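Have a look at the structure below, then the notes.
Protein chains: 2
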Amino acid sequence: MKEEAIIKNVSRHIKLDEMEKNYFVNLLHHRILKKGEILLKYGEVCRYNYFVINGCLRVYSVDEYGTEHIIAFAPADWWTSELYSYLTESPSENIIDTLTAAELFEIKKQDMEELFVRIPKFERFFRILFQNAMVNHLNRLKQVLSIPAEERYIQFIKQYPFIFNQIPLKYIASFLGVSPEFLSKIRNKIAHS
Amino acid sequence: MKEEAIIKNVSRHIKLDEMEKNYFVNLLHHRILKKGEILLKYGEVCRYNYFVINGCLRVYSVDEYGTEHIIAFAPADWWTSELYSYLTESPSENIIDTLTAAELFEIKKQDMEELFVRIPKFERFFRILFQNAMVNHLNRLKQVLSIPAEERYIQFIKQYPFIFNQIPLKYIASFLGVSPEFLSKIRNKIAHS
Numbered sequence: 205m206k207e208e209a210i211i212k213n214v215s216r217h218i219k220l221d222e223m224e225k226n227y228f229v230n231l232l233h234h235r236i237l238k239k240g241e242i243l244l245k246y247g248e249v250c251r252y253n254y255f256v257i258n259g260c261l262r263v264y265s266v267d268e269y270g271t272e273h274i275i276a277f278a279p280a281d282w283w284t285s286e287l288y289s290y291l292t293e294s295p296s297e298n299i300i301d302t303l304t305a306a307e308l309f310e311i312k313k314q315d316m317e318e319l320f321v322r323i324p325k326f327e328r329f330f331r332i333l334f335q336n337a338m339v340n341h342l343n344r345l346k347q348v349l350s351i352p353a354e355e356r357y358i359q360f361i362k363q364y365p366f367i368f369n370q371i372p373l374k375y376i377a378s379f380l381g382v383s384p385e386f387l388s389k390i391r392n393k394i395a396h397s
Numbered sequence: 205m206k207e208e209a210i211i212k213n214v215s216r217h218i219k220l221d222e223m224e225k226n227y228f229v230n231l232l233h234h235r236i237l238k239k240g241e242i243l244l245k246y247g248e249v250c251r252y253n254y255f256v257i258n259g260c261l262r263v264y265s266v267d268e269y270g271t272e273h274i275i276a277f278a279p280a281d282w283w284t285s286e287l288y289s290y291l292t293e294s295p296s297e298n299i300i301d302t303l304t305a306a307e308l309f310e311i312k313k314q315d316m317e318e319l320f321v322r323i324p325k326f327e328r329f330f331r332i333l334f335q336n337a338m339v340n341h342l343n344r345l346k347q348v349l350s351i352p353a354e355e356r357y358i359q360f361i362k363q364y365p366f367i368f369n370q371i372p373l374k375y376i377a378s379f380l381g382v383s384p385e386f387l388s389k390i391r392n393k394i395a396h397s
């Protein structure tokens, strides 16, 4: 059953009884997407939270020179959204698309709000989720500010081996904030060291 | 009453009755610190959440070349901690100190856990707090990856006018990931444009 993945994910931090599971599962909208499909366009308001069952999404922006900057990857078993747009209901400055064929659940914002009221345990679940996400992002920010690109790449491979095998190098370069050419040089250097 | 600031902060997202307020206030440990005092040393386990009543804290790391990198500022009315160390109970790779004289409340981790169990509304409070913090940090990461330093500096002044007036330029440079010399050039350029 496709809902098993998300129930298992949620069960890491909270225990749900059968009624609560049913209520939650009924809020989920299942979607199957091809590689390269856009979930959220530039300028659109983000009205969903996404849970990735399999495949890999990315959240990215495009700067004034047309360069893409990857803000986040969302591989299987991850939650994602375009939080700023979602919270403020303003047009998104970022885009969400699929880097591979993907299967996911989406939950509407109003259903999420209702879920928090009906089953307050989900406050705990998302509190822990955001708390952990903050740790990851602070760590990444620290790396971007202080660690040379070569070391960041090595840490990336360790941290996201599943992504590393799934997606082209140029996306990893964008995530690390370096050019694909520079990342190629790093890879060659590591391969010959 | 010094507890008013923190109650007001919490009341932005949840409503507490008198009993709940009393329970919460009893967990707070009030501290007065001088400028330059260290709250968390490198290698120490972070066992507290901090709420700044007034003054300004910073969370920073020192790289192998001795260069400081500011990960976060915590001015008045902000919460902070060294989340990774706090959550995993591992030695902190970052340092927390005061950039100005400061007054704050600290709450022990075990008291926080108990608070979540006793008054689950606090799950909601911290869920919203972490959610908003994530938005800020994603925004900052996007800026570091894609926006020129000059524009980042202008946005910083708009976003943190209170910090801008309180602390030396070198700390702002560190936060923005540029050298103090480079930031001076930017400032001169802006002043003469």
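Heads up: the sequence lines are chains A and B, in that order.
Per this note's numbering, the very first residue in the first sequence carries number 205; after that it's consecutive.
Per this note's numbering, the very first residue in the second sequence carries number 205; after that it's consecutive.
Glycine is no exception: its CB is placed at the ideal position from the N, C-alpha and C atoms.
Remember, it's a predicted structure, so these values are computed and weren't measured experimentally.
Notebook entry, point to check: Taking the runs of the alpha helix (DSSP H) that are 4 residues or longer, which of them lie wholly in the segment 300-329 of chain A?
Noted result: 313-322
Note to self: Among A/350, A/378 and A/395, whose alpha-carbon lies nearest the alpha-carbon of residue 265 of chain B?
What the structure shows: A/350
Check: Counting pairs of beta carbons, one from the segment 234-251 of chain B and one from the segment 305-321 of chain B, are three or more of them closer than 8 Å?
Finding: yes
Check: For residue 321 of chain A, is the classification buried or exposed, using 16 other Cβ atoms within 10 angstroms of its Cβ as the cut-off for buried?
Finding: exposed
Checklist line | Inter-residue spacing [alpha-carbon to alpha-carbon] between residue 263 of chain A and residue 299 of chain A | finding: 6 Å
Note to self: In the DSSP assignment, the alpha helix (DSSP H) including residue 377 of chain A goes from what residue to what residue?
What the structure shows: 373-380
Check: Is it buried or exposed for residue 396 of chain A, if we count other Cβ within 10 angstroms and need 16 for buried?
Finding: exposed
Item checked: Interfacial residues, the segment 239-256 of chain A to chain B, with Cβ spacing under 9 Å -> none
Check: Just to check, is the beta-carbon of residue 391 of chain A closer than 7 Å to a non-hydrogen atom of the ligand FMN?
Finding: With respect to the ligand FMN, the structure offers nothing, as it holds no ligand at all.
Note to self: For a quick check, are the C-beta atoms of residue 242 of chain A and residue 225 of chain A less than 8 Å apart?
What the structure shows: no
Next item on the list: Say whether chain B places a C-beta atom closer than 8 Å to the C-beta of residue 348 of chain A.
Entry: yes
Check: For residue 343 of chain A, which residues in chain B fall below 8 Å Cβ to Cβ?
Finding: 288
Checklist line | Counted within 10 angstroms of its Cβ, other Cβ atoms place residue 332 of chain A as buried (16 or more) or exposed | finding: buried
Item checked: Cβ pair count under 8 Å reaching 3, the segment 353-367 of chain A against the segment 279-295 of chain B -> no
Note to self: Strictly below 8 Å CB to CB, what residues from chain A border residue 385 of chain B?
What the structure shows: Going along chain A, no residue has its Cβ under 8 Å from residue 385 of chain B, so there is no contact; the nearest lies around 17 Å.
Next item on the list: Could you tell me whether the Cβ of residue 366 of chain B comes closer than 8 Å to any Cβ of chain A?
Entry: no
Next item on the list: Check each candidate in B/273, B/277 and B/249 and name the one with the smallest Cα separation from residue 258 of chain B.
Entry: B/277
Notebook entry, point to check: In this structure, does DSSP put residue 333 of chain B in helix, strand or coil?
Noted result: Reduced to three states, the DSSP call for residue 333 of chain B is helix.
Check: Since residue 273 of chain A meets chain B, which of its residues come closer than 8 Å, beta carbon to beta carbon?
Finding: What residue 273 of chain A touches in chain B, judged by beta-carbon distance under 8 Å, is 346, 349 and 350, going in chain order.
Notebook entry, point to check: Taking buried to mean at least 16 other C-beta atoms within 10 Å of its own C-beta, is residue 392 of chain A buried or exposed?
Noted result: exposed
Check: Since residue 345 of chain B contacts residue 390 of chain A with CB under 8 Å, what's their CB separation in whole angstroms?
Finding: Actually they do not touch by this definition, with Cβ atoms about 21 Å apart.
Next item on the list: Evaluate residue 325 of chain A with the Cβ neighbour count: other Cβ atoms within 10 Å of its Cβ, from every protein chain shown; 16 or more gives buried, anything less gives exposed.
Entry: buried
Checklist line | residue 337 of chain B and residue 382 of chain B closer than 8 Å at C-beta | finding: For residue 337 of chain B and residue 382 of chain B, no; Cβs fall outside 8 Å.
Notebook entry, point to check: Interface residues of chain B around residue 335 of chain A at Cβ under 8 Å?
Noted result: Under the 8 Å cutoff, chain B gives 287, 291, 330 and 334.
Item checked: Near-chain B residues of the segment 304-323 of chain A - C-beta to any C-beta below 9 Å -> 320
Next item on the list: List the residues that DSSP assigns as beta-bridge partners of residue 261 of chain A.
Entry: A/278 and A/302
Item checked: Enclosing beta strand (DSSP E) for residue 235 of chain B [first to last residue] -> 233-237
Notebook entry, point to check: In whole angstroms, what separates the C-alpha of residue 219 of chain B from that of residue 223 of chain A?
Noted result: Taking the straight line joining both Cα atoms gives about 28 Å.
Note to self: Within 8 Å of any Cβ in chain A, is that where the Cβ of residue 267 of chain B sits?
What the structure shows: yes
Next item on the list: Report the option in A/206, A/394, A/388 and A/375 whose CA atom is closest to the CA atom of residue 271 of chain A.
Entry: A/375
Margin query: Can you look up residue 220 of chain B in the DSSP assignment and give me helix, strand or coil?
Written below: If DSSP states are grouped into helix, strand and coil, residue 220 of chain B belongs with coil.
Next item on the list: May I ask you to list the residues that DSSP assigns as paired with residue 242 of chain B?
Entry: B/301
Next item on the list: Please look up how many angstroms separate the CB atoms of residue 366 of chain A and residue 295 of chain A, rounded, as I've assumed it's under 8 Å.
Entry: Not really, about 32 Å apart at Cβ, beyond 8 Å.
Note to self: Tell me the rounded alpha-carbon separation between residue 330 of chain B and residue 342 of chain B.
What the structure shows: 18 Å
Notebook entry, point to check: What separation, rounded to the nearest whole angstrom, lies between the Cα atoms of residue 209 of chain B and residue 311 of chain A?
Noted result: Put simply, the backbone Cα of residue 209 of chain B is about 36 Å away from that of residue 311 of chain A.
Check: What did DSSP end up calling residue 284 of chain B once you bin it into helix, strand or coil?
Finding: strand
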